[in-house]
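What follows is a short report on a single structure.
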Amino acid sequence: MIELRHLKTLAALRDAGSLVEAAERVHLTQSALSHQIKDLEERLDCSLFIRKTKPICFTSAGQRLLALADDLLPMIRNAERDIARLAGGEAGRLNICIECHSCFDWLMPTIDHFRQNWPEVELDLSTGFTFQPLPALARGDLDLVITSDPEPRTGIHYVPLFSYESVLALGPQHRLIARKFIHPRDLSQETLITYPVDPSRLDVFTRFLDPANVEPAEIRTAELTVMMVQLVASGRGVAALPNWALHEYQQRDYVALRPLGEKGLWCTLYAAMREDQKNADFMLDFLGTARDVTFRNLNGIRSASS
Numbered sequence: 008m009i010e011l012r013h014l015k016t017l018a019a020l021r022d023a024g025s026l027v028e029a030a031e032r033v034h035l036t037q038s039a040l041s042h043q044i045k046d047l048e049e050r051l052d053c054s055l056f057i058r059k060t061k062p063i064c065f066t067s068a069g070q071r072l073l074a075l076a077d078d079l080l081p082m083i084r085n086a087e088r089d090i091a092r093l094a095g096g097e098a099g100r101l102n103i104c105i106e107c108h109s110c111f112d113w114l115m116p117t118i119d120h121f122r123q124n125w126p127e128v129e130l131d132l133s134t135g136f137t138f139q140p141l142p143a144l145a146r147g148d149l150d151l152v153i154t155s156d157p158e159p160r161t162g163i164h165y166v167p168l169f170s171y172e173s174v175l176a177l178g179p180q181h182r183l184i185a186r187k188f189i190h191p192r193d194l195s196q197e198t199l200i201t202y203p204v205d206p207s208r209l210d211v212f213t214r215f216l217d218p219a220n221v222e223p224a225e226i227r228t229a230e231l232t233v234m235m236v237q238l239v240a241s242g243r244g245v246a247a248l249p250n251w252a253l254h255e256y257q258q259r260d261y262v263a264l265r266p267l268g269e270k271g272l273w274c275t276l277y278a279a280m281r282e283d284q285k286n287a288d289f290m291l292d293f294l295g296t297a298r299d300v301t302f303r304n305l306n307g308i309r310s311a312s313s
């Protein structure tokens with residue numbers, strides 16, 4: 008009665024916390040996912056979770072199936088990985104470049120997992136903060152670029168990893184805390200703290216300030232997220248950063264967070280690779296590992312569609 012797809016669906020429902028998000032993760036419509044769960048409950052003659060609870064509360068039967076999923080799904084994935092290595096060989100090269108300063112938080116655990124599973128793949132990591140990595144990818148100098156700014160290029164394939172909200176971090180006593188959301192003109196009197204990259208590569212400029220023809224009063228740069236947070240907390244400016252990168256600091260009341268615009272500023276992070284490598288077994292496994300690590304460890308992210 009219990010099929011693999013059922014276990015994947017229940018695990019996604021637990022991890023996502025909602026039917027809508029779970030449906031996106033398993034690539035179903037919300038209606039199809041609801042029907043699948045209802046069908047399983049009818050087969051088992053019991054409910055698996057309590058409706059209209061947030062976070063979702065699973066029954067004893069649902070918890071038992073989740074325990075089975077936690078045991079079985081990793082075993083199946085490991086077996087699939089082993090078969091892929093036997094069929095296609097283990098050797099390969101994965102030179103990765105990131106254009107996102109805050110991505111180190113989840114990329115390093117992803118790389119650690121990947122090294123364990125593909126020890127023969129030559130792995131290297133660099134940053135694209137001082138050069139344009141996409142031309143290097145097209146030339147073959149790089150194999151994978153993590154970017155939030157996809158550029159259409161012949162021979163380059165983009166895979167969405169996840170979506171996140173870029174929010175404004177404010178000091179505990181900042182005047183803008185009274186606002187429900189931030190308007191572009193609010194930043195015309197502020198010192199905006201950013202990573203040391205060109206503004207044309209920052210969403211807060213290209214998608215928030217520039218369309219409104221607004222410039223901050225001053226721009227200050229810092230290399231590390233923790234340095235930016237310290238500056239914000241001490242009242243020396245404000246910073247636009249991914250929601251997941253600020254979750255820990257918000258929990259400690261170092262900073263307050265406000266949406267950029269009434270609807271918020273949602274961005275998507277992509278993995279860029281050459282077309283001829285997009286179906287390589289080790290590449291597919293790296294992308295799968297990245298998704299598993301991010302959705303397990305990052306707060307406030309969403310599934311991203313192609």
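Position one of the sequence shown corresponds to residue 8 (the working numbering), numbered consecutively onward. C-beta atoms are modelled at their ideal positions from N, C-alpha and C, and glycine is treated no differently.
Collapsed DSSP secondary structure at residue i in the structure displayed
{"i": "Arg21", "result": "helix"}
{"i": "Arg88", "result": "helix"}
{"i": "Val221", "result": "coil"}
{"i": "Thr161", "result": "coil"}
{"i": "Thr16", "result": "helix"}
{"i": "Ser313", "result": "Here the model assigns Ser313 a pLDDT of 47, short of 50, so the residue's position is not dependable and the matter cannot be decided."}
{"i": "Pro167", "result": "strand"}
{"i": "Pro179", "result": "coil"}
{"i": "Phe65", "result": "strand"}
{"i": "Ile308", "result": "coil"}
{"i": "Ile9", "result": "coil"}
{"i": "Phe188", "result": "coil"}
{"i": "Ser173", "result": "strand"}
{"i": "Arg71", "result": "helix"}
{"i": "Phe215", "result": "helix"}
{"i": "Leu55", "result": "coil"}
Supposed close pair residue i, residue j - CB separation, criterion 8 Å
{"i": "Leu264", "j": "Asn250", "result": "7 Å"}
{"i": "Leu272", "j": "Glu158", "result": "20 Å between Cβ atoms; not a contact."}
{"i": "Phe65", "j": "Arg21", "result": "7 Å"}
{"i": "Leu175", "j": "Leu80", "result": "About 38 Å separates the two Cβ atoms, so there is no contact after all."}
{"i": "Ala29", "j": "Ala19", "result": "4 Å"}
{"i": "Cys104", "j": "Ser170", "result": "Incorrect: roughly 21 Å between the Cβ atoms, too far for contact."}
{"i": "Leu26", "j": "Leu55", "result": "Between Leu55 and Leu26 the Cβ distance is about 13 Å, and since that is not below 8 Å, they are no contact."}
{"i": "Pro206", "j": "Phe215", "result": "Not quite, the Cβ-Cβ distance comes to about 11 Å (not below 8 Å), so this is no contact."}
{"i": "Arg50", "j": "Met82", "result": "Wrong, their Cβ atoms sit about 23 Å apart, outside the cutoff."}
{"i": "Glu10", "j": "Gly162", "result": "Their Cβ separation, rounded to whole angstroms, is 39 Å, which puts Glu10 and Gly162 out of contact at 8 Å."}
{"i": "Gly147", "j": "Val128", "result": "Between Val128 and Gly147 the Cβ distance is about 16 Å, and since that is not below 8 Å, they are no contact."}
{"i": "Tyr256", "j": "Tyr165", "result": "Between Tyr165 and Tyr256 the Cβ distance is about 30 Å, and since that is not below 8 Å, they are no contact."}
{"i": "Gly24", "j": "Ile63", "result": "6 Å"}
{"i": "Ala219", "j": "Thr232", "result": "Their Cβ separation, rounded to whole angstroms, is 26 Å, which puts Ala219 and Thr232 out of contact at 8 Å."}
{"i": "Arg364", "j": "Ser310", "result": "The question about residue 364 has no answer here: the residues shown for the chain are numbered 8 through 313."}
Candidates the options, of which the one nearest residue i by Cα
{"i": "Ala297", "options": "Ala247, Leu151, Ser241, Asn220", "result": "Leu151"}
{"i": "Cys5", "options": "Ile184, Ser195, Leu209", "result": "Here the chain has residues from 8 to 313 only, and residue 5 is not among them."}
{"i": "Ala246", "options": "Leu276, Ser109, Gln37, Arg122", "result": "Ser109"}
{"i": "Cys53", "options": "Arg71, Pro167, Lys15", "result": "Arg71"}
{"i": "Leu101", "options": "Val33, Ala279, Leu79, Leu80", "result": "Ala279"}
{"i": "Leu114", "options": "Ile90, Pro62, Arg309, Gly295", "result": "Gly295"}
{"i": "Phe302", "options": "Arg122, Ile153, Leu168, Ser133", "result": "Leu168"}
{"i": "Val300", "options": "Thr36, Gly244, Thr117", "result": "Thr117"}
{"i": "Thr228", "options": "Ser241, Val204, Leu216", "result": "Val204"}
{"i": "His254", "options": "Glu230, Val236, Phe212, Ala23", "result": "Val236"}
{"i": "Phe293", "options": "Ala74, Ile153, Met8", "result": "Ile153"}
{"i": "Gly268", "options": "Leu248, Arg309, Asn286, Ile189", "result": "Ile189"}
{"i": "Ser241", "options": "Lys270, Tyr261, Glu230", "result": "Tyr261"}
{"i": "Gln139", "options": "Arg32, Asp156, Ile57", "result": "Asp156"}
{"i": "Glu87", "options": "Ile308, Phe289, Asn304", "result": "Phe289"}
{"i": "Ser133", "options": "Asn306, Ala143, Pro126, Thr36", "result": "Ala143"}
{"i": "Asp217", "options": "Pro191, Glu230, Val233, Met234", "result": "Pro191"}
{"i": "Asp89", "options": "Asn124, Arg182, Leu305", "result": "Asn124"}
{"i": "Leu47", "options": "Leu35, Ala185, Ala68", "result": "Ala68"}
Delimiting residues of the alpha helix (DSSP H) encompassing residue i
{"i": "Arg32", "result": "26-32"}
{"i": "Tyr261", "result": "Counting along the chain, Tyr261 falls outside any alpha helix (DSSP H), and DSSP gives it neither H nor E."}
{"i": "Asp148", "result": "It is not in any alpha helix (DSSP H) - Asp148 carries neither H nor E in the DSSP assignment."}
{"i": "Ile44", "result": "37-51"}
{"i": "His120", "result": "111-124"}
{"i": "Ala229", "result": "Run containing Ala229: none; DSSP gives neither H nor E here."}
Endpoints, beta strand (DSSP E) assigned at residue i
{"i": "Trp273", "result": "272-281"}
{"i": "Arg303", "result": "Element bounds for Arg303: not the beta strand (DSSP E) but the alpha helix (DSSP H), 288-304."}
{"i": "Leu100", "result": "One point to set straight first is that residue 100 is Arg, not Leu, in the sequence displayed. Element bounds for Arg100: 99-105."}
{"i": "Val128", "result": "128-134"}
{"i": "Leu248", "result": "246-249"}
{"i": "Thr201", "result": "198-201"}
- prompt: Can you find at least 3 beta carbon pairs, one from the segment 195-207 and one from the segment 223-235, that sit closer than 8 Å?
  reply: yes
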